[in-house]
Amino acid sequence: MRVGNNAFRQVGAALGPAVLGALLTARALDTFPAHLADAGITGAAGQSMAETAREGGLGAVARMNLGAGTGQALGAVGDAFLDGLRLCLIVAAALTLFAALVSAILLRRPRGTSTSTVTASSSGEPAAAQAHAG
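FYI, in mature numbering (1 follows the signal peptide of the UniProt record, and there is no 0) the residues of the sequence shown are -28 to -1, 1 to 106.
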């Protein structure tokens, strides 16, 4: 069973950040133009920033020479990032809850059974081994 656990752990460690990162990026880029409009950045400047974000990510917008609109643009970048992060946290929480429920179901013991303990006899062998040898 350890091999299976290790495989699941490796798959989760590889896919988890990749999927959540893709969700964050997609959501942030989708909401960025609306946040620019909310910040009052429209027209050619807003389109230029949105295009830069699609090509190079939100970090590329933060590195642009934005002049007087720097504060508003960086606020829009931050708001778009937080929208993406919020989605990631919701998805991660849902997956964690799902994993907890699956674990509880799979690890549940049937009613009326108890954990079996192996008792040792005076010869030092487990009682079950003596019964088979016997």
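Every residue gets a Cβ at the ideal spot worked out from N, C-alpha and C, and that includes glycine.
The structure displayed is predicted, hence computed values, not measured ones.
Query, Result
"I need the DSSP call for Thr14, collapsed to helix, strand or coil.", "coil"
"Do the segment 36 to 52 and the segment 8 to 19 touch if we need at least three Cβ pairs shorter than 8 Å?", "yes"
"Closest by CA to Leu38, which one among Asn(-23), Gly50, Gly18, Ala(-1)?", "Gly18"
"Taking C-alpha atoms, which residue in Ala40, Thr3, Gly12 lies nearest to Ala25?", "Thr3"
"Thinking C-alpha only, which one of Ala48, Cys60, Gly56, Ala65 is nearest Gly12?", "Ala48"
"Give a single yes or no on whether Ala25 has its beta carbon closer than 7 Å to a heavy atom of the ligand GTP.", "Absence of the ligand GTP from the depicted structure is noted, as is the absence of any ligand whatsoever, leaving it without description."
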